[in-house]
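Written as structure tokens, this is what we have:
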């Protein structure tokens, strides 16, 4: 509820600022919304980031080369050769330079493989070779190999302080079990912001069709999936006049049949795992609710001319099916579209129409808050068991996360995304709220494409609304998979 209250306050402040010609909205300093910031960061708040002490003290690592291994499409998040004039690139360069100069070390990136190819990680660990200091990798792929025993518990690494603001609260609370946290998400991981799911809204097209003020709808709590369907179901134009429904036509709402629909499991508050009162991980997926979700999605995309997904689509990046909504929106052919917030910067900069950024809708108005998740292609951090100096690892990682919080996140989020990518102050408030509503589910992170996290995606792809039948067929394998993951965490130290 406090995120919803914060959103209303933020939108009210934005409106007031616009009326008084104030350059930015100011953040209210109340205990209730301190943790769920939804207003524009002021200069004084930017300064306060810089003033937070990382409490690392002085270390001299004698020119040590700190080696980061990552996928070949993510290297620019961690390393820049030089200052280029781009605000984000320069912030990354400055962050690394600051850490290097402070601790007398050298940051390097090893990257020559795609995200599915984890041989470099597994082989160095198996050979007991101290060749990697930090792994930054695709979250689901990394989660898949965690039970192999290749990584350390973050709580055993000195100088890492999860109470600091540069670490994700959901990561700490939801991915720590039995005192063990293998996968960590700090501000060094930019993709954990950029890959967050949202809904984009073309304001010009919405105005053409007489749609309401969507910020007011979202702020009122009435932004539900049924309402989204009602607004978009009849918006269809045969743009190319070929009397055929195709990807050159205009639609009210578009989505891919994969990760976009997968995200509705969390948007509709149906997590795979939660912790009980004793701190035990419990399988929590509500199958009846899952059936409702699947039926809603399938009915919407099969019933109405204005709502479309293309299961055979090859997107502009060359990967099948993924990002259909993003591409249709980028072409100005969709009023609403599911996508990642980072797409505002990466794909919508050339869109002539003004657009808004909205949260994923609620299942219904009884749902207290908006929720979202981060696409599985976002990266996370893990430390190999072969590292020889855990304190050095802790100092450098903590410093990189702290300097990212102070320099890179403000550049990427507050400058690049908010002011390059978004078109209005209301979207900025929404953007803050969306990022603060991210859920990192233990059952998703450790799904390994063998659990239940992709159940909606699988059913929609198969055009199969029968959740009960699907579950009867796959339950044994799914629960066996999760039992092995739970066992790994519960026996982490006894197996050492």
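Residue numbers (this note's numbering): -19 to 476. Even glycine gets a Cβ: it sits at the ideal position worked out from N, Cα and C. Computed from a prediction, not measured in an experiment: that's the story for all the values here.
- Under the 10 Å beta carbon count, residue 107 is surrounded by fewer than 16 other beta carbons and is classified as exposed.
- Shown here for residue 286: same chain residues with a beta carbon closer than 6 Å to its own, the five before and five after excluded, namely 212, 213, 214, 215, 216, 231, 232 in chain order.
- Pairwise C-beta distances place the segment 335 to 354 in contact with the segment 167 to 187, as three or more of them are shorter than 8 Å.
- As the crow flies, the alpha-carbon of residue 126 is around 42 Å from that of residue 226.
- Across the structure, residue 101 and residue 423 are spaced so that their CA atoms are roughly 23 Å apart.
- For residue 356, DSSP assigns no beta-bridge partner whatsoever.
- The segment 259 to 271 makes no contact with the segment 364 to 381, as fewer than three CB pairs between them are under 8 Å.
- Annotation for residue 104: 111, 112 place their beta carbon closer than 6 Å to its own, counting only its chain and skipping 5 residues before and after.
- Looking at 447, 415, 385, 411, the one whose alpha-carbon comes closest to that of residue 28 is 385.
- Ranked by Cα distance from residue 375, the first of 82, 63, 57 is 82.
- Looking from the CA of residue 259, the closest CA among 470, 32, 30 belongs to 470.
- Put simply, the segment 142 to 162 does not touch the segment 457 to 464. Fewer than three CB pairs are less than 8 Å apart.
- Burial check for residue 306: the Cβ neighbour count within 10 Å reaches 16 or more, so the residue is buried.
- By the Cβ neighbour-count rule, residue 407 is buried, with 16 or more other Cβ atoms within 10 Å of its own.
- Residue environment: residue 421 is assigned as buried (16 or more neighbouring CB atoms within 10 Å of its CB, all protein chains considered).
- The C-beta distance from residue 413 to residue 168 rounds to 23 Å, too long to fall under 8 Å, and the pair is not in contact.
- Pairwise C-beta distances place the segment 114 to 121 out of contact with the segment 136 to 143, as fewer than three of them are shorter than 8 Å.
- Under the DSSP assignment, residue 318 falls in the beta strand (DSSP E) whose first and last residues are 314 to 320.
- Under DSSP, residue 176 takes part in a beta bridge, and its partners are 354.
- Residue 400 and residue 350 have their C-alpha atoms some 25 Å from each other.
- Nearest Cα to residue 243 within the set 463, 443, 436, 474: 436.
- Residue 420 sits in coil when the DSSP states are folded into three classes, being neither helix nor strand.
- In the structure shown, the three-state DSSP call for residue 50 is strand.
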